[in-house]
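What follows is one structure encoded as structure tokens, with my remarks underneath.
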Amino acid sequence: MTVTSVQTPRRAGRGSRPPAALVVVAAALAAVLLVPLGYVVSVVLDVGWDALEPLIFRPRVGELLVNTVALVLLGVPLTVLLGVGGAWLVERTTLPARRFWAVVLVAPLAIPAFVSSYGWASAVPSIHGLSGGLLVSVLAYYPLVYLPAMAAIRGLDPALEESARSLGLGSWAVFGRVVLPQLRLAILGGGLIVALHLLAEYGAFAFIRFDTFTTAIVVQYQSTFAGPAAGALGVVLSVLCLTLLVAEAGARGRARYARVGSGAARAAVPQRLGAFTPLALLGLAALGVAAVAVPLASVVRWLARGDGWAQPELPSALTQTVLLAGGGALAAVLVALPLAWLTARHPGPLARLFEGTSYVAASLPAIIVALALVTVTLRVLPGLYQTAFTVVLAYVMIFLPRALVPLRSGIAQAPVALEEMARSLGNPPLVARLRVTLPLLVPSLAAGAALVGLGAANELTATLLLAPTGTRTLATQFWSQASAIDYPAAAPYAVLLILLSVPAVALMFVQSRRWGAR
Amino acid sequence: MTTLSLTGVAKSFGRVEVLRDVSLTVPAGTRTAVVGASGSGKSTLLRLIAGFERADSGSIGLGGTVLAAPGRFVAAHRRGIGYVAQDGALFPHLTVEQNVRFGLPRRRRDPVRVREVMELASLDPELAGRYPHQLSGGQQQRVALARALAPRPAVVLLDEPFSALDTGLRDQTRQAVIDALEASGVTTVLVTHDHDEALSFGRQIAVISAGRLVQSGAPAAVFDNPVSTEIAAFLGAAIVLPASPTSDGVDCALGRVAVRHDRTGGSEAGARVLLRPAQLGLSPANGTHNAVIEDVRPRGSHAELLLRTAGAAPALIPLRVPAHEGSGYHAGMTVSVTVTGGGVLYPAD
Chain A
184 MTVTSVQTPR RAGRGSRPPA ALVVVAAALA AVLLVPLGYV VSVVLDVGWD
234 ALEPLIFRPR VGELLVNTVA LVLLGVPLTV LLGVGGAWLV ERTTLPARRF
284 WAVVLVAPLA IPAFVSSYGW ASAVPSIHGL SGGLLVSVLA YYPLVYLPAM
334 AAIRGLDPAL EESARSLGLG SWAVFGRVVL PQLRLAILGG GLIVALHLLA
384 EYGAFAFIRF DTFTTAIVVQ YQSTFAGPAA GALGVVLSVL CLTLLVAEAG
434 ARGRARYARV GSGAARAAVP QRLGAFTPLA LLGLAALGVA AVAVPLASVV
484 RWLARGDGWA QPELPSALTQ TVLLAGGGAL AAVLVALPLA WLTARHPGPL
534 ARLFEGTSYV AASLPAIIVA LALVTVTLRV LPGLYQTAFT VVLAYVMIFL
584 PRALVPLRSG IAQAPVALEE MARSLGNPPL VARLRVTLPL LVPSLAAGAA
634 LVGLGAANEL TATLLLAPTG TRTLATQFWS QASAIDYPAA APYAVLLILL
684 SVPAVALMFV QSRRWGAR
Chain B
131 MTTLSLTGVA KSFGRVEVLR DVSLTVPAGT RTAVVGASGS GKSTLLRLIA
181 GFERADSGSI GLGGTVLAAP GRFVAAHRRG IGYVAQDGAL FPHLTVEQNV
231 RFGLPRRRRD PVRVREVMEL ASLDPELAGR YPHQLSGGQQ QRVALARALA
281 PRPAVVLLDE PFSALDTGLR DQTRQAVIDA LEASGVTTVL VTHDHDEALS
331 FGRQIAVISA GRLVQSGAPA AVFDNPVSTE IAAFLGAAIV LPASPTSDGV
381 DCALGRVAVR HDRTGGSEAG ARVLLRPAQL GLSPANGTHN AVIEDVRPRG
431 SHAELLLRTA GAAPALIPLR VPAHEGSGYH AGMTVSVTVT GGGVLYPAD
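From first to last, the protein sequence lines are chains A and B. If you're matching positions, the first sequence starts at 184 in our numbering and goes up one per residue. If you're matching positions, the second sequence starts at 131 in our numbering and goes up one per residue.
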């Protein structure tokens with residue numbers, strides 16, 4: 184053994200051996216989170232390949248595969264184009280009224296995709312098929328690329344672009360060779376989320392009669408319950424999702440994208456749009472009209488035509504939505520806390536494994552999670568079948584990363600030194616965490632809860648399958664009225680869903696801007 | 131007031147040995163500075179004393195209490211040892227007053243003690259309601275000290291608390307902290323990589339290098355008689371010249387020099403003599419000379435001269451003179467260098 188100088192000795196807690204109780208809790212949570220994947224595997228094992236093969240290799244599955252893959256292959260690049268282009272215009276050019284356009288670009292997130300689809304289907308009844316599916320989904324989901332791209336662009340060091348210019352590169356070359364590579368992680372991450380949403384979306388495509396694996400599974404479920412045909416489609420869909428997850432992880436590469444220099448980066452000088460200004464304004468206005476104005480105008484139109492607000496189910500739907508979504512948010516934060524703590528304070532292979540399970544579970548569409556929980560509750564825990572507990576559990580499985588990511592980041596940013604300081608002042612470790620770390624985590628806890636709450640309030644497929652009989656959420660009530668072509672009755676539910684979403688979207692927007700400015 | 135003692139303390143992180151066989155006694159009510167280069171293990175030593183890390187072997191005692199030893203470990207919150215981190219580590223969600231009273235038991239959270247320690251740390255009472263981000267770096271460090279002193283700890287540990295401050299603020303804050311520690315009479319250990327800070331901090335200095343405590347003692351004694359030329363250079367500007375022992379001193383490039391301390395252990399195999407620049411006197415050559423000026427660099431208040439000694443084995447000597455004297459010298463000029471006081475003799479490399 185040699186005496187060597189060590190720049191940063193391992194700090195207490197960080198990277199050290201995790202407490203056994205924390206590992207046991209995290210392992211138990213990870214095991215529960217793996218239930219949907221276990222369900223997919225069990226379908227293959229139970230039904231057997233011989234029975235599964237004809238269910239998978241048939242013309243109908245081929246048709247669904249073509250639809251779904253075409254949707255992803257065309258939809259993701261379009262959302263990247265709109266998201267990155269919009270972020271670039273708003274953050275790095277002399278576009279007039281940039282703050283206004285920044286809000287317009289993120290606004291579609293407050294409109295659930297199925298409400299947007301309802302707006303378009305009622306405004307243009309002929310809309311259908313792949314083109315219709317692409318239109319409504321791209322308009323609904325491009326903000327999922329816009330937000331990370333905006334944060335990444337705000338964090339770029341303009342000195343790199345200036346260096347490239349001084350080396351003789353023109354504006355387009357600088358964008359292609361310097362800026363775009365630095366947006367790689369944001370584009371890949373945003374693109375993956377869009378792709379998973381496209382695979383999992385049900386309501387938006389059902390409205391315009393565009394068949395994907397998810398819509399087909401719901402139809403199968405409604406006709407044959409959790410039969411082998413639904414299971415077979417679920418297996419293919421799960422394989423598609425997991426393939427995307429692995430492909431995105433592989434495509435990230437090993438390059439470093441963080442700023443290397445010290446000190447704060449200067450603010451970038453906006454690029455002059457010049458003669459392109461009217462074109463950029465026209466494009467953004469068209470996008471705003473298509474993604475926000477059309478759905479909102481439809482909702483307002485149907486609202487004016489009927490007496491939707493008089494429906495007696497409205498208050499109870501609102502209450503049940505708040506309770507279920509609030510329960511989901513609280514449960515997700517509680518589940519995320521030990522996993523995030525383990526990952527941030529005791530990083531290692533075990534922590535990565537447990538964290539990975541949450542992403543695998545969340546990458547599976549809600550319909551698979553719902554089928555898994557239907558199967559498990561019926562076979563193993565019949566007392567939990569169609570209970571609020573199971574709905575909340577499904578929300579946790581589907582939306583856990585939304586709580587895990589901000590919490591992990593919050594814990595990582597809460598200096599261990601502060602806890603040590605509290606201990607040196609006479610506080611036992613748990614008290615030190617409660618008095619020092621917990622108050623610092625409040626913003627992360629709130630952000631995680633808000634994001635999960637937003638997703639849960641708008642969730643449709645799992646809620647339809649798992650909610651106790653008689654449960655009415657805003658999403659299920661909206662769906663029930665809209666699928667019965669009673670558009671005026673559906674409109675108030677759409678309004679409430681949008682109003683409920685606005686605070687969480689505003690929070691996401693503010694956080695993305697703040698994150699990028701760091 | 132309590133004596134802190136470390137005996138044979140060792141610590142490794144994985145396969146990297148950070149501290150080896152460190153023994154040190156900090157007498158009650160005194161201040162000790164542990165000085166070493168970055169990565170020498172000095173911060174780890176402080177963390178072991180605080181109880182944030184466990185030593186692999188050895189023992190740490192405070193008065194009659196064993197804090198850490200094989201089979202025994204007193205948790206950080208039970209040690210009664212205050213800690214001031216490099217950046218202050220103030221709790222960002224609490225005001226100055228809330229930070230200062232954080233370590234006081236609920237029943238003792240009286241405003242009198244808070245005012246007392248704030249005054250001790252030269253903190254304006256009007257700062258009590260401010261949050262850490264509303265304070266200057268120096269104020270933050272003084273709040274951190276006040277917070278550490280509030281529960282009346284037996285020992286206070288300071289982990290490079292002035293290194294992040296600007297030069298002017300650093301001196302001012304350091305003096306305020308020393309005054310506060312002096313007034314409180316608490317046993318204190320400071321770790322720093324700044325030799326000036328270490329030499330001026332307190333009664334004892336301990337030099338740590340590559341995980342080993344290589345020398346400790348009174349600052350003047352350690353500076354005067356360092357155990358090696360490397361430690362001598364670490365503690366301040368050092369001139370090391372090849373030397374040949376004679377009956378009444380040593381002969382070196384600057385002539386005959388008396389020996390103040392002999393660290394050769396009686397070795398006959400050549401030697402080196404350590405001199406400090408303050409011992410050298412410089413004058414234009416008047417007939418005889420023993421050095422030539424290679425370069426003159428004005429540095430505002432002073433000038434740096436680079437001298438090349440005459441003789442068969444010339445050596446380069448950097449020297450500082452006041453600016454008004456520097457203008458009288460130029461490159462290529464022959465000069466006479468005289469040595470006052472003796473040197474420290476070391477074996478040859």
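The C-beta atom is built at its ideal place from N, Cα and C for all residues, glycine as well.
Pick from B:L154, B:M248, B:V469 and B:S189: whose alpha carbon is nearest that of A306 of chain B?
-> What you label residue 306 of chain B is simply residue 176 of the second sequence in a count that begins at 1. Measuring from the Cα of A306 of chain B, the nearest candidate turns out to be B:M248.
Quiz prompt | Supposed close pair L436 of chain B, E424 of chain B - CB separation, criterion 8 Å | solution = Here the question's residue 436 of chain B lines up with position 306 in the second sequence. Here the question's residue 424 of chain B lines up with position 294 in the second sequence. Yes, they are in contact, since the Cβ atoms of L436 of chain B and E424 of chain B sit about 4 Å apart, within 8 Å.
Spell out a yes or no on whether the region 213-221 of chain B and the region 593-601 of chain A are touching, meaning 3 or more CB-CB pairs, one atom from each, closer than 8 Å. yes
Are the C-beta of F232 of chain B and some C-beta of chain A separated by less than 8 Å?
Position 102 of the second sequence, counting from 1, holds the residue named residue 232 of chain B. True, the Cβ-Cβ gap to chain A drops below 8 Å.
When the Cα of L648 of chain A is compared with those of A:I594, A:L554, A:L350 and A:V328, which residue comes out closest? Taking the first sequence and counting its residues from 1, the one referred to as residue 648 of chain A is at position 465. The option with the nearest alpha carbon to L648 of chain A is A:L554.
Under 9 Å by beta carbon: chain B residues contacting L728 of chain A = In the structure as shown, chain A starts at 184 and stops at 701, and residue 728 of chain A therefore has no counterpart that could be examined.
Cutoff 8 Å: P281 of chain B Cβ touching any chain A Cβ:
In the second sequence, the residue the question calls residue 281 of chain B occupies position 151. Closer than 8 Å to some Cβ of chain A, the Cβ of P281 of chain B qualifies, so yes.
* Asked: Do you know how far the Cα of G221 of chain A is from the Cα of W232 of chain A?
  -> Position 49 of the first sequence, counted from the first residue, corresponds to residue 232 of chain A. Position 38 of the first sequence, counted from the first residue, corresponds to residue 221 of chain A. Rounded to the nearest angstrom, the two C-alpha atoms are 16 Å apart.
Figure out for me which residue from A:A508, A:G374 and A:A387 has the closest Cα to the Cα of W662 of chain A.
Counted from its first residue, the first sequence places residue 662 of chain A at position 479. Of A:A508, A:G374 and A:A387, the residue nearest in Cα terms is A:A387.
Helix or strand or just coil, what does DSSP make of I668 of chain A?
By one-based count along the first sequence, residue 668 of chain A stands at place 485. Coil.
Can you name, in chain order, every residue of its own chain whose Cβ lies under 7 Å from the Cβ of V744 of chain A, other than the five neighbours on each side?
As shown, chain A starts at 184 and ends at 701. That puts residue 744 of chain A outside it, with no answer to give.
- Quick one: Cα of V122 of chain B to Cα of R333 of chain B, how far? Chain B is shown only over 131 to 479; residue 122 of chain B falls outside these bounds and no answer can be derived.
Starting from S413 of chain B, trace the alpha helix (DSSP H) both ways and give me its first and last residue. In the second sequence, counting from the first residue as 1, residue 413 of chain B sits at position 283. Where S413 of chain B is concerned, there is no enclosing alpha helix (DSSP H), although the beta strand (DSSP E) it sits in stretches over L410 to P414.
By the 10 Å Cβ neighbour count, where 16 or more other Cβ atoms means buried, how is E246 of chain A classified, buried or exposed? Position 63 of the first sequence, counted from the start, is the residue given in the question as residue 246 of chain A. E246 of chain A should be labelled exposed.
Notebook entry, point to check: If you check the beta carbons only, do A408 of chain B and S466 of chain B fall under 8 Å apart?
Noted result: Taking the first residue of the second sequence as 1, we reach residue 408 of chain B at position 278. Taking the first residue of the second sequence as 1, we reach residue 466 of chain B at position 336. For A408 of chain B and S466 of chain B, no; Cβs fall outside 8 Å.
Excluding five sequence neighbours on each side, which residues of the same chain lie with their C-beta closer than 7 Å to the C-beta of T526 of chain A? For the purposes of this step, residue 526 of chain A is identified with residue 343 of the first sequence, where counting begins at 1. A534, E538 and R591.
Give every residue of the same chain whose Cβ lies closer than 7 Å to the Cβ of A597 of chain A, excluding the five residues on either side of it in the sequence, and list them in chain order. As a working mapping, residue 597 of chain A is identified with position 414 in the first sequence. The answer, listed in chain order, is T620, L623 and L624.
**Message:** On a Cα-Cα basis, can you pick out the residue from A:V557, A:I310 and A:A677 that is closest to W492 of chain A?
**Reply:** Working through the first sequence from its first residue, we reach residue 492 of chain A at position 309. Looking at the Cα atoms, A:A677 is the closest of the given residues.
- Would you say V619 of chain A reaches chain B, if we count a Cβ-Cβ gap shorter than 8 Å as a contact? Translated into positions along the first sequence, residue 619 of chain A becomes position 436. Answer yes: the Cβ-Cβ gap between V619 of chain A and chain B drops below 8 Å somewhere.
Compute the beta-carbon to beta-carbon distance between K141 of chain B and T174 of chain B, rounded to the nearest angstrom, for a pair I have assumed lies under 8 Å.
Locating residue 141 of chain B in the second sequence gives position 11, where the first residue counts as 1. Locating residue 174 of chain B in the second sequence gives position 44, where the first residue counts as 1. At roughly 6 Å, the Cβ-Cβ gap stays under 8 Å, so K141 of chain B and T174 of chain B are in contact.
- Task: Could you tell me which residues DSSP puts in a beta bridge with H325 of chain B?
- Result: If you number the second sequence from 1, residue 325 of chain B lands on position 195. According to DSSP, H325 of chain B bridges with nothing at all.
Practice task
Using a threshold of 8 Å, state whether the C-beta atoms of G212 of chain B and P283 of chain B are closer than that.
Solution key: For this step, residue 212 of chain B is matched to residue 82 along the second sequence. For this step, residue 283 of chain B is matched to residue 153 along the second sequence. A contact, by the Cβ cut-off of 8 Å.
Determine whether the beta carbon atoms of R585 of chain A and G509 of chain A lie at a separation below 8 Å. Numbered from its first residue, the first sequence carries residue 585 of chain A at position 402. Numbered from its first residue, the first sequence carries residue 509 of chain A at position 326. Not a contact, by the Cβ cut-off of 8 Å.
Q.
If I measure Cβ to Cβ from P291 of chain B and keep anything under 6 Å in the same chain, skipping five residues before and after, which residues do I get?
A. Along the second sequence, one-based indexing puts residue 291 of chain B at 161. Closer than 6 Å at Cβ, skipping near neighbours: V214 and Q271.
What is the DSSP secondary structure of Y459 of chain B, reduced to helix, strand or coil?
-> Within the second sequence, numbered from 1, the residue matching residue 459 of chain B stands at position 329. If DSSP states are grouped into helix, strand and coil, Y459 of chain B belongs with coil.
message = Do V252 of chain A and G374 of chain A count as a contact pair if the criterion is CB distance below 8 Å?
response = Start at 1 with the first residue of the first sequence, and residue 374 of chain A comes out as number 191. Start at 1 with the first residue of the first sequence, and residue 252 of chain A comes out as number 69. Cβ distance not < 8 Å, so G374 of chain A and V252 of chain A don't count as in contact.
field: Segment contact, 8 Å Cβ cut-off, at least three pairs: the region 398-417 of chain A with the region 553-570 of chain A
entry: yes
Closest Cα partner of S314 of chain A within the set A:I391, A:G302 and A:L238
Within the first sequence, numbered from 1, the residue matching residue 314 of chain A stands at position 131. Ranking the options by Cα distance to S314 of chain A, first place goes to A:I391.
*Among A:I581, A:P411 and A:G258, which residue has its Cα nearest to the Cα of I239 of chain A?*
Mapped onto the first sequence, residue 239 of chain A falls at position 56. Nearest C-alpha to I239 of chain A: A:P411.
Does the beta carbon of S445 of chain A come closer than 8 Å to any beta carbon on chain B?
As a working mapping, residue 445 of chain A is identified with position 262 in the first sequence. Any reading at S445 of chain A is ruled out, since the residue's pLDDT is 45, under 50, leaving its predicted position unreliable.
>> Which residue marks the beginning of the alpha helix (DSSP H) containing S346 of chain A, and which one marks its end?
In response: As a working mapping, residue 346 of chain A is identified with position 163 in the first sequence. Taken as a continuous stretch (DSSP letters only), the alpha helix (DSSP H) holding S346 of chain A covers P341 to S349.
Original post:
How about Y459 of chain B: is its C-beta nearer than 8 Å to some C-beta of chain A?
Top reply: Here the question's residue 459 of chain B lines up with position 329 in the second sequence. Answer no: the Cβ-Cβ gap between Y459 of chain B and chain A never drops below 8 Å.
Close-in-space but distant-in-sequence residues of the same chain around G446 of chain A (CB under 8 Å, 5 per side omitted):
As a first step, residue 446 of chain A is located in the first sequence; it is residue number 263 there, counting from the start. Note that G446 of chain A scores a pLDDT of 48, beneath 50, so its modelled location is shaky and nothing firm can be said.
Nearest neighbour of T195 of chain B, chosen from B:T297, B:L134 and B:R342 [CA to CA]
Numbered from its first residue, the second sequence carries residue 195 of chain B at position 65. With distances taken between Cα atoms, T195 of chain B lies closest to B:L134.
Open item on the list: Looking at the secondary structure, which residues open and close the alpha helix (DSSP H) in which V316 of chain B lies?
Closed with: On the second sequence, position 186 is the one that residue 316 of chain B refers to. Note, V316 of chain B: premise wrong, no alpha helix (DSSP H); not H, not E.
Just the Cα atoms here: how many angstroms apart are S413 of chain B and E227 of chain B? Indexing the second sequence from 1 puts residue 413 of chain B at position 283. Indexing the second sequence from 1 puts residue 227 of chain B at position 97. Cα to Cα, the separation comes out at about 59 Å.
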